[in-house]
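Numbered according to the working numbering, the sequence shown spans residues 17 to 351.
All C-beta atoms in this analysis are idealised placements derived from N, C-alpha and C, irrespective of residue type, glycine included.
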Amino acid sequence: MAREDRLTSTPPAGGRERDPAVRWLLSSDDPSVRFLTLTEVLGLSPHRGRAREAAKALLRGKRMRALLRGQRRDGGFGVHAYRKWSGAHWRLISMVALGIPAGEPRAVAAAETVLAWLGRANATRGHATEIAGRYRVCASMEGNAVGVCSRLGLAEDERVAALVDGLVRWQWPDGGWNCDKNPEATHSSFNESLVTAWGLAEYHAATGDDRAGDAAARAGELFLRHRVFRSDRTGEVIKPVWLDLRYPPYWHYGLLHGLRVLGGLGLLSDPRAAEALDLVEEKRLPDGRWKVEGRYWTPLRNAESNADIVDWGRSGPNELVTLEALRVLRQAGRW
17 MAREDRLTST PPAGGRERDP AVRWLLSSDD PSVRFLTLTE VLGLSPHRGR
67 AREAAKALLR GKRMRALLRG QRRDGGFGVH AYRKWSGAHW RLISMVALGI
117 PAGEPRAVAA AETVLAWLGR ANATRGHATE IAGRYRVCAS MEGNAVGVCS
167 RLGLAEDERV AALVDGLVRW QWPDGGWNCD KNPEATHSSF NESLVTAWGL
217 AEYHAATGDD RAGDAAARAG ELFLRHRVFR SDRTGEVIKP VWLDLRYPPY
267 WHYGLLHGLR VLGGLGLLSD PRAAEALDLV EEKRLPDGRW KVEGRYWTPL
317 RNAESNADIV DWGRSGPNEL VTLEALRVLR QAGRW
């Protein structure tokens with residue numbers, strides 16, 4: 017039976033599994049999609065039944081295999097760790113998003129190359145440039161690395177703690193981060209702040225470090241103050257592209273991923289998130305799914321710059337976008 021036909025087949029017994037989008041996701045060929053739907057959408061234990069079976073197959077999924085393919089003895093992938101989107105830094109972000117288990121040796125080896133790169137980079141750039149009383153630094157690099165390492169079981173590593181120390185020290189008064197070296201720039205960058213908030217929240221969850229938790233919460237307040245996508249001065253949409261549903265975000269800010277970070281911080285019940293949640297609901301297709309509305313990556317066969325080794329879907333209903341939307345609505349108590 018084709019996957020499209022399964023949307024109209026008899027639904028399994030029980031509550032949320034009758035949702036057509038859930039049935040579609042559970043019929044996915046990707047064990048990561050099935051596992052995350054069962055655990056983070058339906059709320060089932062990862063150690064029992066279908067979720068346990070999907071967990072056993074995670075490393076055999078087509079996307080996960082593509083992300084691990086070509087790894088060298090040193091843990092890297094034959095290119096600079098930060099090369100978009102084939103370097104270890106970006107591959108690890110996607111591996112973690114797809115549920116790779118903590119402690120997986122190949123992922124840990126790749127994380128070692130990222131920590132080594134950031135250690136060298138911070139040593140040569142003096143950690144950050146302070147201009148007009150603010151540290152100007154591309155904090156999303158450290159933020160993503162901290163989040164990935166925290167999920168892989170490396171939160172206690174002193175190198176990860178050093179990255180967190182820097183992020184806490186570099187945070188701007190309005191709650192975010194920015195690498196803009198213009199002395200007149202006094203507003204944080206949403207791009208730099210989004211994954212940094214995620215990384216610090218993951219570190220707090222792994223270690224209980226209150227500094228990291230407080231810094232993540234202040235970043236969450238920055239997004240809420242802007243109602244996720246609006247100017248706090250004029251009320252206008254800051255960037256229309258932010259309203260497009262995209263996957264993966266990598267370091268880019270957007271409606272859906274802003275809500276995901278707020279959900280991880282437990283802030284989706286705040287009324288200032290309501291309009292953004294309404295937009296996610298409004299974008300749902302008649303068949304119950306969500307479609308991808310843009311992308312930051314290019315298929316590897318067509319380009320060298322920003323080329324991705326995974327095809328995340330370029331048009332139409334998208335598994336990862338649908339999964340993200342359902343997780344957000346569940347966290348918000350809307351589904």
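Candidates the options, of which the one nearest residue i by Cα
i           : options            : result
residue 282 : 235, 117, 196      : 235
residue 331 : 285, 43, 262, 300  : 262
residue 322 : 66, 71, 90, 98     : 98
residue 165 : 149, 130, 207      : 130
residue 162 : 152, 183, 334      : 183
residue 176 : 202, 216, 207, 196 : 216
residue 297 : 315, 349, 132, 246 : 349
residue 120 : 290, 304, 80, 153  : 80
C-alpha gap between residue i and residue j, whole angstroms
i           : j           : result
residue 126 : residue 189 : 34 Å
residue 39  : residue 329 : 19 Å
residue 23  : residue 300 : In this predicted model, residue 23 has a pLDDT of only 38, less than 50, meaning its place in the structure is not dependable; the value taken from the coordinates is given anyway. Cα to Cα, residue 23 sits roughly 15 Å from residue 300.
residue 167 : residue 220 : 11 Å
residue 19  : residue 45  : Confidence is the limiting factor: at residue 19 the pLDDT is only 40, short of 50, which leaves the residue's position unreliable and the question unanswerable from this model.
residue 67  : residue 232 : 30 Å
residue 325 : residue 339 : 21 Å
residue 179 : residue 222 : 15 Å
residue 258 : residue 268 : 9 Å
residue 194 : residue 106 : 20 Å
residue 287 : residue 92  : 44 Å
residue 211 : residue 86  : 26 Å
residue 118 : residue 169 : 5 Å
residue 310 : residue 335 : 14 Å
residue 115 : residue 196 : 33 Å
residue 191 : residue 134 : 23 Å
Host alpha helix (DSSP H) of residue i (start-end)
i           : result
residue 335 : 335-347
residue 297 : 290-298
residue 167 : 155-167
residue 48  : 47-52
residue 106 : 104-113
residue 183 : 174-186
residue 83  : 78-84
residue 277 : 271-280
residue 235 : 226-241
residue 36  : 36-42
residue 71  : 65-72
Identified DSSP bridge partners for residue i
i           : result
residue 314 : 323
residue 253 : 246
residue 219 : Bridge partners of residue 219: none, in fact.
residue 150 : 147
residue 193 : 205
residue 262 : 310
Buried versus exposed, by CB contacts within 10 Å (16 or more), residue i
i           : result
residue 198 : exposed
residue 95  : exposed
residue 273 : buried
residue 53  : buried
residue 265 : buried
residue 50  : buried
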